[in-house]
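> The listed protein sequences correspond, in order, to chains A and B.
Using the working numbering, the first residue of the first sequence is number 34, and each one after it goes up by one.
Using the working numbering, the first residue of the second sequence is number 19, and each one after it goes up by one.
Every residue, glycine too, gets a C-beta built ideally from N, C-alpha and C.
Please see the structure below; I have some questions.
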Amino acid sequence: MLSVARCVPDKVVTNDDLAVLMETSDEWIQQRTGIKQRHYSEGDTGAADLGARAAAEALERAGVRAHDIGCIIFATLSPDYDMPSSACVLQARMGLAGMPAFDVRNQCSGFLYGLAIANAYVKNGTFDHVLLVGGEIHSTGLDLTTRGREVGVIFGDGAAAVVIGPEPDRQRGILSTHLHAEGRFAEMLWLESPGSRERPRLTEDMIAEGRIFPKMRGREVFRQAVTRFPEVIREALDAHDLTVADLDLFIPHQANQRISQMVAMGLELPEEKLFTNIERYGNTTAASIPIALSEAIEAGKVREGSLICLAAFGAGFTWGSALIRW
Amino acid sequence: MRTALLGMGHHLPPLGDAAGVKRPIAETGGTSDLARPAAEAALARAGASTDEVDFIVFATMTPDVTFPGAACFFQHKLACGTIGSLDVRAQCAGFLFGLSVADQFIRLGTYRRVLLVAAEVMSPGLEYSERGAPVARLFGDGAAAVVLGPAGGDGGLSSVVIHADGRHYDRFWCEYPSSRQHPVRMTLEDFREGRHFPFLDFETVRQFGAATLPAVIDESLAAAGVDRDRIDRFVLGHVFPDVVDQVADQMGVSAKVLNPSRQYGHLVAASLPVSLSAAVAAGEIGPGATVCLAACGAGFTWGAAVVQL
């Protein structure tokens, strides 16, 4: 991983701001999620716009010219348009053409699924440099009334990009990735409409009934998350005969502060090795890990040789982990 | 080490009326439902059980629901435990993009058996009015699956090349729901204007396909180190079947071309593998045959692959 950069919209929305729109309170939101504020985009801004800004900075930091990108991978669940992919829109925004561009739609684990693909492309020598972006505009897809508050208060907008390139030292870089899913729980955290299983795919009723907004069974998500997170972290460590004690930093997908803390506690990971920033961004799904990674680097928590574990769990359910020797 | 196509299967729903033409139309069920029998056929032909599959790649632009992806629904229906299940969005070239990703995982040794699915249920999202008919009658519903694994001998996938040019993203697109639209990505007004239906700039899509397909076919042949005349069959996917005719004629390979859009309507990501699987099942293409697959469409995305069966 040659570089990381983030781009979040300027507008900050506090819990008190949301309490004007719905029956909720700062105390309630903080207690259950750890979130104090999130960012919302304004005007005609899409996931690809935020992603393109983050990507330009990531390329500059990596010292890689945009035209030398071999492939663009965009992880999102809130694409700019229904189709084509936000990867194509981002490619256009960056003034690029020719290299492949596609979206990965794996929700909260999207960045890790994308990382696994990017890693394979580079390790096999197919592409020298892969641009991997996680970007979301949730704010236009939330029911910000009392009816939708359980989901509405959680999500925020943001994007981050990483440049993946060759690592000559075999002991360093992305050591491995581990991906899972369990579609049995697909309807525990989902956005039903539009969808090809309905006839027709979209109706006025679906819009009026709020079926175009995500729904969540929070308790079930929590229960599965606190099981799968430690499982997939241990899977990554076991693959390299490493233990939790070897970890320098754990960056979980920022889904919920309670989940992250419970996972860290269960692993007996010291608090200073857990990185969280959900209080300022909310849950930015596919963008949350790279946003957090960029902040962790700026905070000096990532040093040369640091062993970092990234892990995610979310809608699908999908989950995964990646182990990186910085 | 190369990646081999160990088994293929496809599934087409019965023909129905699509704005005046007959197309395979799924009257019920979502994309993952259509994919299931295709995958079961592919696994049977590969002699593989679901337990052996260690990763799923699902290429579609018409998932069962907005999220999670179709791969998650499909994984559950096929009872594939907790293996990783990826959704790829690359529109008309989705199968080739999925093939590229699956090939990478197999060559790196990450996974030994990848189930690659390409499936579309377009019909519930089309506009069957007079206004929408010219677009609605282009498409069909269909699914195909391929079991991929390391090749034992010389056969298998010898090249797969993929490309995109996002500058044309609004020449073949479905604009809404759109997360760019503030404050909400889909309103009743947007719906009443029909902005959730696909739109095509026929002329631009046609010209781009005609210019791009020959170039990407030659690129894939060069990457595979195979001459054009060594190819037994070309499977060419484009929303307009006459573009495929034109490309085939120009390249002098008309006698060897399969043109899925003429046969089924455009099945988007599923076009190439449905056509190939159907030809193999009918005995038109046998083991050892060398096939070149190429597609171009929305995004714009395009690609090509050369594979020995």
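Since residue 254(B) contacts residue 231(B) with CB under 8 Å, what's their CB separation in whole angstroms?
Here residue 254(B) corresponds to residue number 236 of the second sequence, with the count starting at 1. Here residue 231(B) corresponds to residue number 213 of the second sequence, with the count starting at 1. 6 Å between Cβ atoms; contact.
> List, in chain order, every chain A residue whose beta-carbon is nearer than 7 Å to that of residue 82(B).
Reading the second sequence from its first residue, position 64 is the one you call residue 82(B). 228, 229, 230, listed in chain order.
> Who are the neighbours of residue 104(B) on chain A, taking C-beta pairs under 7 Å?
As a first step, residue 104(B) is located in the second sequence; it is residue number 86 there, counting from the start. Chain A residues near residue 104(B): 137, 139, 146.
> Which of the three DSSP states, helix, strand or coil, is assigned to residue 26(B)?
Along the second sequence, one-based indexing puts residue 26(B) at 8. Of the three classes helix, strand and coil, the one that applies to residue 26(B) here is strand, per DSSP.
> Given 8 Å as the limit, is there contact between the stretch 216–233 of chain A and the stretch 343–356 of chain A, that is, 3 or more CB pairs closer than that?
The stretch 216–233 of chain A is in contact with the stretch 343–356 of chain A.
> On a CA-only basis, which of 128(B), 205(B), 148(B) is nearest residue 176(A)? Give me that one, please.
Looking up residue 176(A) in the first sequence gives position 143. Measuring from the Cα of residue 176(A), the nearest candidate turns out to be 205(B).
> Alpha carbon to alpha carbon, how far is residue 168(A) from residue 186(B)?
Position 135 of the first sequence holds residue 168(A). Position 168 of the second sequence holds residue 186(B). Rounded to the nearest angstrom, the two C-alpha atoms are 21 Å apart.
> Does the stretch 192–210 of chain A come close enough to the stretch 149–168 of chain A to have 3 or more Cβ pairs within less than 8 Å?
The stretch 192–210 of chain A, when compared against the stretch 149–168 of chain A, does touch it at the 8 Å Cβ threshold.
> Return helix, strand or coil for residue 249(A), following the three-state DSSP convention.
In the first sequence, counting from the first residue as 1, residue 249(A) sits at position 216. Reduced to three states, the DSSP call for residue 249(A) is strand.
> Ends of the beta strand (DSSP E) at residue 40(A)?
Within the first sequence, the letter at position 7 stands for residue 40(A). Taken as a continuous stretch (DSSP letters only), the beta strand (DSSP E) holding residue 40(A) covers 36–40.
> Can you tell me which of the three DSSP states residue 269(B) falls into?
Translated into the one-based positions of the second sequence, residue 269(B) becomes position 251. Note: residue 269(B) maps to helix in three-state DSSP.
> Within the chosen definition, does the stretch 155–170 of chain A reach the stretch 78–96 of chain A through at least 3 CB pairs nearer than 8 Å?
Yes: the two stretches touch, three or more of their Cβ pairs being nearer than 8 Å.
> Look at residue 28(B) and residue 296(B) and say whether their C-beta atoms are less than 7 Å apart.
Residue 28(B) sits at position 10 when you count from the first residue of the second sequence. Residue 296(B) sits at position 278 when you count from the first residue of the second sequence. A contact, by the Cβ cut-off of 7 Å.
> List, in chain order, every chain A residue whose beta-carbon is nearer than 8 Å to that of residue 170(B).
Here residue 170(B) corresponds to residue number 152 of the second sequence, with the count starting at 1. By Cβ distance, chain A contributes nothing, its closest Cβ being about 20 Å from residue 170(B), past 8 Å.
> DSSP on residue 278(B), reduced to helix/strand/coil?
By one-based count along the second sequence, residue 278(B) stands at place 260. If DSSP states are grouped into helix, strand and coil, residue 278(B) belongs with the helices.
> When DSSP labels each residue in this structure, what does residue 85(B) get in the three-state scheme?
Counting from one through the second sequence, the residue named residue 85(B) turns up at place 67. Strand at residue 85(B).
> List the residues of chain A that residue 92(B) touches, going by C-beta distances under 9 Å, in chain order.
The sequence position of residue 92(B) within the second sequence is 74, counting from 1. Under the 9 Å cutoff, chain A gives 216.
> Between residue 189(B) and residue 219(B), is the Cβ-Cβ spacing less than 7 Å?
Translated into positions along the second sequence, residue 189(B) becomes position 171. Translated into positions along the second sequence, residue 219(B) becomes position 201. Yes.
> Using the Cα positions of residue 254(A) and residue 229(A), report the straight-line distance between them to the nearest angstrom.
Along the first sequence, one-based indexing puts residue 254(A) at 221. Along the first sequence, one-based indexing puts residue 229(A) at 196. Distance between the alpha carbons of residue 254(A) and residue 229(A): 25 Å.
> Can you tell me which of 92(B), 175(B), 85(B), 316(B) puts its alpha carbon nearest to the alpha carbon of residue 325(B)?
Here the question's residue 325(B) lines up with position 307 in the second sequence. Checked all of 92(B), 175(B), 85(B), 316(B); the closest Cα to residue 325(B) is 175(B).
> If we count the other Cβ atoms within 10 Å of its Cβ and call it buried at 16 or more, is residue 53(A) buried or exposed?
Numbered from its first residue, the first sequence carries residue 53(A) at position 20. The residue in question, residue 53(A), is exposed, as its Cβ has fewer than 16 Cβ neighbours within 10 Å.
> Does residue 346(B) have its Cβ less than 7 Å from a Cβ in chain A?
The question about residue 346(B) has no answer, for chain B in this structure spans 19 to 327.
> Indicate whether the contact test is met: 3 or more Cβ pairs, each with one atom in the stretch 29–42 of chain B and one in the stretch 115–133 of chain B, closer than 8 Å.
Touching, no, given that fewer than three Cβ pairs across the two stretches are closer than 8 Å.
> Can you give the Cα-Cα distance for residue 163(A) and residue 161(B), rounded to whole angstroms?
For the purposes of this step, residue 163(A) is taken as the residue at position 130 of the first sequence. For the purposes of this step, residue 161(B) is taken as the residue at position 143 of the second sequence. About 30 Å.
> Return helix, strand or coil for residue 350(A), following the three-state DSSP convention.
Translated into the one-based positions of the first sequence, residue 350(A) becomes position 317. DSSP places residue 350(A) in coil when its eight states are reduced to three.
> Measuring alpha carbon to alpha carbon, tell me which residue in 41(B), 83(B), 99(B) is nearest residue 74(B).
As a working mapping, residue 74(B) is identified with position 56 in the second sequence. The residue with the shortest Cα to Cα distance from residue 74(B) is 99(B).
> Need the endpoints of the alpha helix (DSSP H) that residue 180(B) sits in, please.
Within the second sequence, residue 180(B) is the residue found at index 162, counting from 1. Not the alpha helix (DSSP H): residue 180(B) falls in the beta strand (DSSP E), residues 174–182.
> How many angstroms separate the CA atom of residue 323(A) from the CA atom of residue 337(A)?
If you number the first sequence from 1, residue 323(A) lands on position 290. If you number the first sequence from 1, residue 337(A) lands on position 304. The straight-line gap from Cα to Cα measures roughly 18 Å.
> Which full runs of the alpha helix (DSSP H) of 4+ residues lie inside the stretch 80–124 of chain B, going along the chain?
The stretch 80–124 of chain B contains these whole alpha helix (DSSP H) runs: 88–95.
> Rounded to whole angstroms, what's the CA-CA distance from residue 233(B) to residue 79(B)? Just pull it up for me.
For the purposes of this step, residue 233(B) is identified with residue 215 of the second sequence, where counting begins at 1. For the purposes of this step, residue 79(B) is identified with residue 61 of the second sequence, where counting begins at 1. C-alpha separation (whole angstroms): 25 Å.
> Could you please give the first and the last residue of the uninterrupted alpha helix (DSSP H) stretch that includes residue 143(A)?
For the purposes of this step, residue 143(A) is identified with residue 110 of the first sequence, where counting begins at 1. Residues 143–156.
> Any idea what DSSP makes of residue 303(B), helix, strand or coil?
Numbered from its first residue, the second sequence carries residue 303(B) at position 285. Here residue 303(B) sits in coil by DSSP.
> Sorted by chain position, which residues of the same chain lie with C-beta nearer than 7 Å to residue 306(A)'s C-beta, five sequence neighbours on each side aside?
For this step, residue 306(A) is matched to residue 273 along the first sequence. Cβ within range, chain order: 280, 281, 282, 283.
> Please state whether the Cβ-Cβ distance between residue 313(B) and residue 285(B) is less than 7 Å.
The residue given as residue 313(B) occupies position 295 in the second sequence. The residue given as residue 285(B) occupies position 267 in the second sequence. Contact flag unset, no.
> Tell whether a beta-carbon distance below 7 Å holds between residue 40(A) and residue 110(A).
Counting from one through the first sequence, the residue named residue 40(A) turns up at place 7. Counting from one through the first sequence, the residue named residue 110(A) turns up at place 77. Taking 7 Å as the Cβ cut-off, residue 40(A) and residue 110(A) do not qualify as a contacting pair.
> Can you give, in chain order, each stretch of the alpha helix (DSSP H) that sits fully within the stretch 236–288 of chain A and has at least 4 residues?
Fully enclosed alpha helix (DSSP H) runs of 4 or longer: 237–241, 251–271.
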